[in-house]
Structures are given as structure tokens and as C-alpha cells.
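A quick write-up on the structure given underneath.
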Amino acid sequence: MAAKDREQLLHFYEDMLRIRFFEEKVRDVLLPGKLFRGSSHLAIGQEAVAVGAIHALREDDLVVSTHRGHGHAMAKGLDPRSMFAEVMGRKTGCCRGKGGSMHLSDAGLGFVGENPVVGSNTPMAAGLALAAKLEGSDRLVAAFFGEGALNTGAFHEAANLAALWQLPVLFLCEDNLYAISVPLERSSALQDLERRAEAYGIQGQRVNGMRVMEVYEAVSRVAQETRERSVPSYLVFDTYRFEGHHTSDKQTYRTRDEALEEFRKRDPIHILEFEMIDDHTVPIPLTIEYRDRIRAEIDEAFEQALQEPWPEADEALAGAYAEGGE
Amino acid sequence: MAAKDREQLLHFYEDMLRIRFFEEKVRDVLLPGKLFRGSSHLAIGQEAVAVGAIHALREDDLVVSTHRGHGHAMAKGLDPRSMFAEVMGRKTGCCRGKGGSMHLSDAGLGFVGENPVVGSNTPMAAGLALAAKLEGSDRLVAAFFGEGALNTGAFHEAANLAALWQLPVLFLCEDNLYAISVPLERSSALQDLERRAEAYGIQGQRVNGMRVMEVYEAVSRVAQETRERSVPSYLVFDTYRFEGHHTSDKQTYRTRDEALEEFRKRDPIHILEFEMIDDHTVPIPLTIEYRDRIRAEIDEAFEQALQEPWPEADEALAGAYAEGGE
Amino acid sequence: MAEKLRNITFAQAIRTALRAEMKRDERVILFGEDVGYYGGVYGATVGLQKEFGEDRVRDTPISEMAIGGVAVGAALAGYRPVAEIMYCDFLAHASDAIVNNAAKWRYMSGGQFALPIVFRSPGGGGAGYAAQHSQSLEAWFAHIPGLKVVAPSLPRDARGLLKAAIRDDNPVVFLEHKAHYTFKGEVPVEEEVIPLGVAEVKRAGNDVTVVSWSKTLTFALEAAETLAAEGIDTEVIDPRTLQPLDIEAILASIGKTRHLVVAHEAVQFGGLGGEIVAQVAERALDSLKRPPVRVAAPFVPIPYSEPMELRVIPQVADIVAGVRRSLG
Amino acid sequence: MAEKLRNITFAQAIRTALRAEMKRDERVILFGEDVGYYGGVYGATVGLQKEFGEDRVRDTPISEMAIGGVAVGAALAGYRPVAEIMYCDFLAHASDAIVNNAAKWRYMSGGQFALPIVFRSPGGGGAGYAAQHSQSLEAWFAHIPGLKVVAPSLPRDARGLLKAAIRDDNPVVFLEHKAHYTFKGEVPVEEEVIPLGVAEVKRAGNDVTVVSWSKTLTFALEAAETLAAEGIDTEVIDPRTLQPLDIEAILASIGKTRHLVVAHEAVQFGGLGGEIVAQVAERALDSLKRPPVRVAAPFVPIPYSEPMELRVIPQVADIVAGVRRSLG
Ligand SMILES: Cc1ncc(C[n+]2csc(CCOP(=O)(O)OP(=O)(O)O)c2C)c(N)n1
Ligand SMILES: Cc1ncc(C[n+]2csc(CCOP(=O)(O)OP(=O)(O)O)c2C)c(N)n1
Ligand SMILES: [Mg+2]
Ligand SMILES: [Mg+2]
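Line by line, the protein sequences give chains S, X, Y and L.
So for the first sequence, my numbering puts the first residue at 2; every next one is plus one.
So for the second sequence, my numbering puts the first residue at 2; every next one is plus one.
So for the third sequence, my numbering puts the first residue at 12; every next one is plus one.
So for the fourth sequence, my numbering puts the first residue at 12; every next one is plus one.
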């Protein structure tokens, strides 16, 4: 393997670990410790999609995400400390504590934000892409969403418009088989999700979302086309969430062993480690080194965020409106 | 031609004339005479779809329609007098003057009504079909809509649900090439409209909507399948509206001659007459006889409606709520 | 004879009502996201699919426009659907069906159709769900002729009002509070149907009238206890139904107390507190000894972080302060 | 020096403002159903596509969710979209974008983004469009923190306020009245930007304050003339912007007249008349000599037939009667 490729793979590996450890911290420390409010939707199991896809984009490309967006945020460059601070409601969070886990955003990094209203980010993506096109930029906009979002009217209207107006949108569907408790076969009349954009003349493709390199390559390919031809693309990633839908999910809709079994077989981080080790890209000790280093980094970010100040109650009263205008 | 077929054809002919003359009356007398308020959307040119499709249904099947629904209403059996009275705001109209041209309905006749909110009748159709299915009836529900409605989120959600739940809905799309001023090529990314339900696993079919027999046969075929297998069907009818979108349409979006040219080539009533005469189903004098008779019938219904009483102003204050319940 | 009571949660009260009404009337059907197999994200429909089958209790895709429209269609065909919209913020998505169709179809048709639908939806904040999952939108729907709007506070009301809503021949927007599903209260063992449009005096008092509903009502009752310790005797009125609103009950109370406070979680500007104050000002201006007071959310979205969220959502102390202000 | 004026229709006033703002700022873009080639069903955008090109003036498919969402996206990326929703009844379809996204994105992000969007939409009745095309829904949007709401009455206001709305960095719901597009009035030849949030005394008077907006304001002015003949001197206040509401201007007027009437076309229950009455009752109870009066639509959908529609939509005579009632 070329040094450059090796470096890239390790970069992906690092980012995936970072997301995983961040979310494990949320799951194992923040939630039990009640350092967290509302709803947290962990993407443990879906890291390869976030990392592979976002690394295939240019830095100035924009990303809109969903309720399950910690991974997208982090892959786009948000720093763990400001994310921890935000999900713990601190003044120093990326949204000053006003957004929380479901509303992470960072304008400077092109992470336009999580939109936890299912489907609702897709028309926004079309609008962002329209702006890029009007500006004459070849920036593109990636919209992540779950397979459940395909059934929203918003997706339909956005996909038709993006195709009609030839807007540079990547529609990136993460098929993790469930929308809360509802399995794919009870939400979509057609099971071949990659065909669900044909009605707009967009040919979809299914991609193994558990292999970061496959994700990266697939997104690179369509991103290039989207960028050059200014047409939307659509990919469906096979993936799985190993945790419940959110914190309080009883998971009655799947067997106790299903998630464990899937995890054993399909964990994208294990898959990547196994392959890297197997083809001698990295020696085992290096993976351990990576794991330790990133975990320490996440621990530190967490500890730091934990010390950060709470907002004053009255800060709630400011910020609904921009002052002045144009 | 068998006597039975001849009779049926004449029945279609009669119904098409009735719709045409009704709408010509609206256009030529009610509108200029200010006997009409609000918006009127004439379906002149689309009579073959209404008549062919609705005659292919059973009497107990239900119909939901759009802003352009005079023809559907009449084909489903509403009588011209009560329709005239309604569009003239009389107390004796089918909706007691509360609905008007855009809200005709008749519960007894299974004409659930016009719904002028574009796309909005399709989820209703799914609900009506769900009821049929739960009851164990093999009644089906026909939803008419324009090609513009395909781009609404409502259609998307309804079509997916109908396919997923296997509901007996006929999705009947009247492609008259325009949504107000917006031509098909600027509203739908995909021009093959018959493919716009593939995302739900529904195979569509395109039908010449100017030939009443073709409409009748196509709808009969899918109605049978829908009834027997309880699955939705989807047809797209090529048609054209010879009048403006509504009363005050300046029609700047099409050339002065386009509508006239289309009319000469494609008027469904001329086509039917020509064919009937050509293959000796009817002699020319009989068509004249039909025209005279139906026109007289419509004139009479109009004159009668014109004499009918206005509602009291205070009737406006009643009727928003049903009394009591269950 | 003393009523026989049992102590159940708000969620159980909802479930009990749904179950009883489904047993009573075959035409009652349920659908919405995750309401079937899973039993609802707040557990309000647990066990119902098992008991009544997949035909009558259905999971839908994430398609709120369709959920709304299917409810309208099924009702027009004689069923009595109870549709759940998982968060009241997403009533926005279903609002064409609710507002343009369900509310108007009967009227527009000259009375040919009835629309016996219940749109159940949890609203409200206080649990850290932030701006898009915490709104209180009762004012939207109470403003729409053709709809009824119910916002129960105690489990007993939830059960009795939901039964009435299901039996009503009109579309009812039935607003629950997401932070209130585990709230416990006593409900009679016997069947009880609480008629829509009738307020209840939840606490009798002579000095000031506090009108409140949904979760905030329980804060008002707490506030009344605090105030009682200071010698202020608060009457707490729960309209229970916001449309139609039992203004007579409110006027009767003000006739006695001559002071009015309205407390609700929704944003103050344009909230129903304004409607209530306005009706009182129109009809009983001279009864008011002092200006009426509204205790409601300031004009900002709901923030995530706890200190800020508590600042925005009216708390017991805010109601206490409001009452004091109303007494001058 | 006397202002130079010209007499134009409301629709022309809108078009003039759009045109000027598009010339002034390249980032101003327009889209909506039939706004491009056709120039809008009410003619408010005629000629703009020709002048500014198809990139900046776009026809959309019938996709209100997308229209709303595209506006949000384009604004987040620095454009200043003016999106038209053809009837305000279909703001329902776009309300997720408007209410859940546009109104909240800035707040939720801790101030990172601005959302300079104008959602233009015609509302109102009186022209026989019946229940689904005649609503007045300003109360919905004025209740939502993060939005501004404008409801101009005269062409001059329409032009000046639309300019301010486009230049504002916040999402503005700009409500026009469909039966008012051909209404003529004078506008200055010179550029005029009318700041949002500032009411105007449209007619000065001493006996009673009538607050009104949109088309109903013109009825209020007519009513004032009728009343003047009877010796009743009416002050007519046009808030122009409903969110933020210039309550100070209203209070100042009531300090003088001590009588309040609010007249609007929207349904009375839950309408903004209630909010205005409530704010006055809270802040100036003692100024009021007599109970305030609301003149607004009764609690029914808008019927089609003329005698019934005229009964439901407040007319000049209703305002005259309301004023008399307010004076006792
Ligand atoms: C419009 C809307 N309806 C309902 C919800 C509640 N909800 C949150 S996540 C979710 C399931 C989403 O499923 P999917 O799109 O597959 O994403 P996943 O959670 O699997 O990542 C639902 C129904 C919502 N947030 N928005
Ligand atoms: C949801 C919605 N948006 C906009 C409108 C305004 N409108 C009325 S008819 C129409 C065009 C409909 O086009 P199409 O569906 O092709 O039907 P056609 O008029 O051609 O019969 C539009 C945009 C509406 N009634 N409903
Ligand atoms: Mg999923
Ligand atoms: Mg059309």
C-alpha cells in the first residue's frame, strides 16, 4: 500500500475512533451521570459512512445532518470539546448551550447543522446548493438522512427540485434498517431503496456502509460528477445502529441478539482494523496505540468541557433575532 | 358494433356533452354575467378522462377530485341543476352554497368531493381506501389530480403508503401539460410521468386521455386488478385544457394558437363524434340531436338554478360543527 | 358513597381510554409512527396492537401529511381514527390535513360529512428537547373553526376527555405534554366521560382566579399551596378544553375573586392567555379590580441547556409571582 | 416642500419594491409557483424574470415544503430569498420550514447564522374563494419567536415595508390581501423604507381608538368617516407590523381616547385582536372607560356564497357598530 494511502486510511481510522469514543462517553458517562438532557441518538455502527463520505468532500463543501449527527459533525471538523460542552449545555458549546445534541452546527466549518426534523434537511440542502450554483462556485452540499426520511414529502419535493434545477446535492441515505422501531419493510413500499430516486431521474447506488474505503470511493465518484455536471446524486449505505434509537429506547422491536450479532459481523471499526492488520498496513500494536491516544484525547476533551461554565439563565432571552440587517 | 357497445358509447358521448355544455355555460354566461365568484377551473378538453374513468368504476366506488372537478362530479352523477346552484351560491346547491365551484361534493353519490389544495386529495384517498379494506368491501377509491400534483409531498407520502398497505387506490393523473403557467418540463425532473410511481413499486401506464374508449378500457383493466388484489394503480392521461387555468388567466405562457391548434387536433368530443360517424355507429343527424337535447337540458338546469333562493346571511354561522357524536 | 379510585400515570390514562373506546366501538382505529408494535415513544399505546391486531393499530412511515390525510379519509368513510403525531411541532407537517381539510370539510360540504378524528400529539418542554421538539401550539388550532382542542392536565382528565374526544363527531386536536406522561393521579375505577367544553375548578378560592391547563396546571396548584401559606386564597380553574372554551366558568370565578391570572407554557404573545384576558376584559371589565396578569413563555424559542430552559418555561415561582403582581 | 406622489395599485407597490431591492442587492432572489414567466397569479412579479433572468426569478413546481426549505438553505448561504406561497392557506405546507427551521435556526445555533428571508403570501377573503383559499393566519406566525410578521394595508406601506423586510436579517412573513391587489393609493416617488415595528396613525381622532390592518384598515378608515358624520372622532392606528407589535403607539392613543376597538378579518377567537386587548388590559386597564371591543370574523370557515361571506368577513358597518358599542 502506498504511503499516501496508508496515511489516509489511518486518518479515517482515527476519525472513526474519535466518533466512537465520543459517543461511548455519551452513552457510558454522560447519560448515566445525567450530564445530558433530552434525546441522544447515537450513531455507533455508522461511523464509516460519516467519515468515508465527508473525507470525500472538499473542505468548503457543506453538510446538513440529522438527529443522528455527532459523527457527521466530528468528521466535518467540530472539536470534541465544543461538542461535549454543547451536549452538556455549557455556554462554551458550539451553539452556546442553546442547541444540544440534536442541533450541533458550526458555520465556519461548513457544518450547517443537524436538523432532527426528519426529511427537513433535504430542501435546505437544495437551497444551499442553489446558492452555490448562483455564486458560480463548484461547492456541493451533502445531505445525510436515514432510510425513514425517504418517506417524507420533504425528501420528495427536494429531490425533484434538485434534479429539475440541476443542483449539486449529494443525497446520502443511511439505511440502518430501522426508523425508531419501524423496520424498513414496514416503511417503504419498495425495498430497493437505491431506486427511490428514479422518479426524479436520479440513478441511485447501494454502497456497503460498513467499509470506510468503499464509502469514500463511492462518494468521491459521485461528488466529482455532481461537481462537474451540477446534478444531484443519490447513494444508499447499508449500515446498522448498534445502540437503541435513543437513550430511552427499549428495543423491543429487535431480538436481544440481533444487535450483538450485527456488531460482531459488521462493526465498521473492527472491519477496518482487521483489514489494515491483515494486509500489513499497520501492526497490531499501532492500533492499540491509536485507540489509547484517541481515547485519552476524548477523555481530556470531556474533562475540560465538564469544567466549563453554564450559561446564565437570562442568556435564554437573547438571540432569537439578528440585530439590524442589510 | 354490438348494440350494447353502441349504447355505452352513446352514454359516454352524452356525458361528455353534458360536461362540455355545463362548462361552456359557466364560461359564456355565468362568468360574464357575474353569476359566479372566486375561481373557476374549466376542464374543457378533459371530458374523456372524467367520463371514461368514472364509467369504468362501480357505483359504490368513491371519487376524490381537484379544483378542476366539474367533469368528475357530473360523471359521478351530480345533477347539473345542483351544480349550477352551487357555483351560483344558492341555498339549493349541492353544498348549500358554502362550497362553490372548487368544493362540489355529494356524499350519497360517492363523490367525496373536490379538493382544490393540490395533492391534498391523495392521502385522503388512501384513508378512504383503508376504510374500504377494513370493512372488507371491495370498493375502490379513484383520486384524480393534475401532473402538477406529482411534485407535492402529499402525493409521495400517499403513494408510498397506499403501496405499502396495499390499499385499493387508483391514482389518476391528468397530464394537461401545464400547472397554471408552468409547463411540465419545468415542474418534473423526469418527463416520463408514468414512471413517477416506480419508487413505490407501482408500474404506471400512459393512456391517451382524448379517446374516451381508451380511457375506459385502461381504467377498467387497472380497476379490476386493484379490486382483486387490493393494490394501488397509477395511470397518466395525456390531455389538454383548452381554456385558461382559471377565469382570470392571461395565458401568456402559451402561444395564441397553441390551444386552438390542440383543440382542432385533439378535442375529445370531436374525436368521438368523428369515430362514431366514421364507423357508422351513429349517423350525423343523431349527433346533432344529442347536442341539441343535452344543450337544452343544461339550459333548463341553469334557468332553474337561476331561480333558486339565496341562503340567508346567517346560515353562514351554522354548520362548522356536527352536533353531538357517538 | 366514596368513589373508587386508582392511581395511574398520564400515559396509562391515555392507554386506558384508547383501549376502552376500541373495545366499545370497532370503528375506532389507531395509527401513527411507532404506535403499533412499539407502543408509542411515550408508551401510550403499549399492548394495543397485540390486543386489537395490526389492522386497527398501525405503524406508519414517517409521513405526517399522509397520517393527517388518511385520518381525514378514514373518517369521511365512517371510521373514527385516532392519529398520533409524535411531536406537536410536526403537526405543522399535518396541518394541511388538519386545518384545511378536517376542520372545513363538513362546513364546505353543507353538512354532508362528519369528521370524527382525534389527532393526539405531545407538546411542551422542560426535558431538554430544545427548540424543535418543545413547542406548545394550542393557539394555532384553537384559532381554527371546525376544530376542537383539548389539553388535559391530570390523568383523570386525560382519560375522560380522550373518551369524549373519540366519541365526538368533530376533529379534535388532543394535546398531551411530553414531560407529563409519568405524572400520577387518581382516576375513578368506573367509566367516566368528561364532556368537552366544560371547565373544572381544580381548587376553590376567593382571592384570585388562576386559569391554567396541561402540565402548567399542576404548577398552578403547587403555587396555590405556597400562596395559601401567605394567606392568599387562590382559585385554580382548568378549562380542560380550549376550543370550545368554557368562558362562563372563568367569568363566574372572576365575579367572585375579581383578579385574573392566566398561566400557560406557550409563548405569551399570541397565546390563548391573550384570548382569555380579552374575553374577560370585554365581558367583565368592571369586575377586575386590578390588571390581569399572564404568566407564559417569553418570546424566544426553547433553549436546550437547563438553566436557560427553566428560565423560559413558566415555573411554580413564576406563577406565585404573577399572582402577587395581580393582587398589587 | 410637498412630497411627490404617484398613484399605484397594491400589486404595483409590491412589484416596485421587489424590483428596487433586486437592483440594489444581487443576493435578493425570488421564487415560487408561477412567479417567473407568468409574473404571479396576482401579477405582483410581472416583468421581473425578464429583467433579472431565470436564475434570480424562478418558477417552482407545486412543492411548498421545498419552497420553504430552499429559502432557508439559500438564506443560510448568504442569499436574501423572497419566496412566494400562492395562498396563505398553504403556508401550512411550508410551516415546517418557516416555523421549525427559519424561525429557530439562528437561536439554536447560538447566533451563528442569519436568515434574511421574506415569505410573501396573499391571504384573506371576500372574493368568493371559499374556505380553503381565504384564511387570515397572521396569528399563527406572530406567535412564533424568531419570525416577524407584516400585514400592510395601503400601497405605500406595502412598498416601504417590503423593502424593510427584504433588508431585515430575520425571516419575515409578509402577508398581502388577495382582494386588495388592485386597491390604489399614493406612494412617494422617492425611495422610502418603512421600518418594521412602527405603527402609523392613519387618522387622528379623540374619541375612540380603532386598531386595524391589512384590507380591514381601509374599512376602518371608511367607518371613521361615517362616524365623523355622527360627531364621533375616531383615531385609526395601523400597526403595519404585527410582530414586533408597536404596542406603545396603541397605548398612547388609548391614553387619549380611552376607548379601544380592534378590527381584523381573521377569526376573532385566538386572533391578534385578543393579544392587543390583553396587552392594553394589562398595561392600561384604568385608561379604559369602557370594555374594549373586537370586530372580527365569527367562528366559522369562510363560506362561498356572497351573502354568507359578507356576513362572516367584517365590513364597514360592523366596524361602525363596534365603535358605537365601545362608546356605550
Ligand atoms: C418529521 C418528523 N417526524 C417524526 C420525528 C420523530 N423521529 C425522530 S428520529 C425518527 C426515526 C428516523 O428514522 P431514520 O430516518 O431511518 O433515521 P435513523 O434514526 O434510523 O438514523 C423519528 C420518527 C421527527 N424527528 N421528525
Ligand atoms: C398546495 C397548493 N399549492 C398551490 C395551489 C395553487 N394552484 C391551484 S391549481 C394549481 C396548478 C395545478 O396544476 P395541475 O396539478 O397540473 O392541475 P391542472 O390545474 O393542470 O388541472 C396551483 C398551483 C393550490 N391550490 N394548492
Ligand atoms: Mg433508519
Ligand atoms: Mg396540469
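Positions of the beta carbon are idealized from the N, C-alpha and C atoms, including for glycine.
Computed from a predicted structure; not experimentally measured.
- Of all residues in the stretch 118 to 130 of chain X, only Val118, Gly120, Ser121, Asn122, Thr123, Pro124, Met125, Ala126, Ala127, Gly128, Leu129, Ala130 place a beta-carbon less than 9 angstroms from a beta-carbon of chain Y.
- The beta carbon of Y/Ala307 lies closer than 8 angstroms to those of Val273, Ala274, His275, Glu276, Ala277, Val278, Gln279, Gly282, Gly284, Pro325 in the same chain, with the five residues before and after it left out.
- Within the DSSP secondary-structure output, L/Thr220 pairs in a beta bridge with L/Glu246, L/Leu271.
- Relative to ligand 1, the beta carbon of Y/Ala24 is positioned no closer than 8 angstroms to any heavy atom.
- Against chain L, the beta carbon of X/Thr248 has no neighbour under 9 angstroms; the closest one sits roughly 11 angstroms away.
- Taking a Cβ-Cβ threshold of 9 angstroms, the residues of chain Y close to S/Gly90 are Gly139, Pro314, Tyr315, Ser316, Glu317, Pro318, Met319, Glu320, in chain order.
- Shown here for X/Ser182: same chain residues with a beta carbon closer than 6 angstroms to its own, the five before and five after excluded, namely Tyr254 in chain order.
- Annotation: Cβ neighbours of Y/Glu44 in chain S (cutoff 8 angstroms, chain order): Ala180, Ile181, Val183.
- Relative to L/Ile96, the option among L/Pro309, L/Arg167, L/Phe130, L/Trp151 whose CA is nearest is L/Phe130.
- Fully contained in the stretch 283 to 326 of chain Y are the following alpha helix (DSSP H) runs of length 4 or more, in chain order: 283 to 295, 317 to 323.
- Interface with chain S (9 angstroms Cβ-Cβ cutoff): Y/Asp66 is excluded.
- Of the heavy atoms belonging to ligand 2, at least one sits nearer than 8 angstroms to the Cβ of X/Phe146.
- Secondary structure of L/Lys15 (DSSP, three-state): coil.
- Using a 10 angstroms sphere on the CB of S/Leu165, the tally of other CB atoms reaches 16 or more, which defines it as buried.
- For X/Pro312, the residues of chain L that pass the 7 angstroms Cβ criterion are Ser316, Pro318, Met319, in the order they occur in the chain.
- Listed along chain Y is no residue with a C-beta nearer than 8 angstroms to that of S/Glu259; the closest approach is about 15 angstroms.
- Assignment of Y/Pro133 by DSSP, reduced to helix, strand and coil, places it in the strand class.
- Going by beta carbons, X/Leu318 and L/Val323 fall inside the 9 angstroms limit.
- Any Cβ of chain S closer than 9 angstroms to the Cβ of Y/Val327 would place that residue at the interface, and such an atom is absent.
- Chain S has a Cβ within less than 9 angstroms of the Cβ of L/Val83.
- In this structure the stretch 214 to 225 of chain X does not touch the stretch 242 to 254 of chain X; the number of beta carbon pairs closer than 8 angstroms is below three.
- Rounded to the nearest whole angstrom, the C-alpha separation of X/Glu199 and X/Ala163 is 13 angstroms.
- Counting other Cβ atoms within 10 Å of its Cβ, L/Thr245 reaches 16 or more and is therefore classed as buried.
- If you draw a straight line from the Cα of S/Leu10 to the Cα of L/Arg69, it comes to about 44 angstroms.
- Going by DSSP, X/Asn209 is part of no alpha helix (DSSP H) but of the beta strand (DSSP E) stretching over 205 to 209.
- Ligand 3 has no heavy atom closer than 8 angstroms to the beta-carbon of S/Asp279.
- Under the 8 angstroms Cβ criterion, the stretch 196 to 207 of chain L does not count as touching the stretch 145 to 155 of chain L, having fewer than three qualifying pairs.
- Taking 8 angstroms as the cut-off, one finds no heavy atom of ligand 4 near enough to the beta carbon of X/Ala49.
- Within the stretch 110 to 140 of chain L, contact with chain S at the beta-carbon level (separation under 7 angstroms) is assigned to Asn111, Asn112, Arg117, Tyr118, Met119, Ser120, Gly121, Gly122, Gln123, Phe124, Ala125, Pro127.
- The C-beta of X/Ile285 has fewer than 16 other C-beta atoms within 10 Å across all chains shown, which makes the residue exposed.
- The stretch 66 to 77 of chain X and the stretch 8 to 23 of chain X touch, with three or more beta-carbon pairs separated by less than 8 angstroms.
- Secondary structure at Y/Asp179: strand, using DSSP grouped into helix, strand and coil.
- Of all residues in the stretch 205 to 219 of chain S, none places a beta-carbon less than 9 angstroms from a beta-carbon of chain X.
- In the structure shown, the three-state DSSP call for X/Val232 is coil.
- Residue pairing by DSSP places Y/Lys195 opposite Y/Thr20 in a beta bridge.
- Under the Cβ criterion (8 angstroms, minimum of three pairs), the stretch 54 to 69 of chain S does not count as touching the stretch 18 to 38 of chain S.
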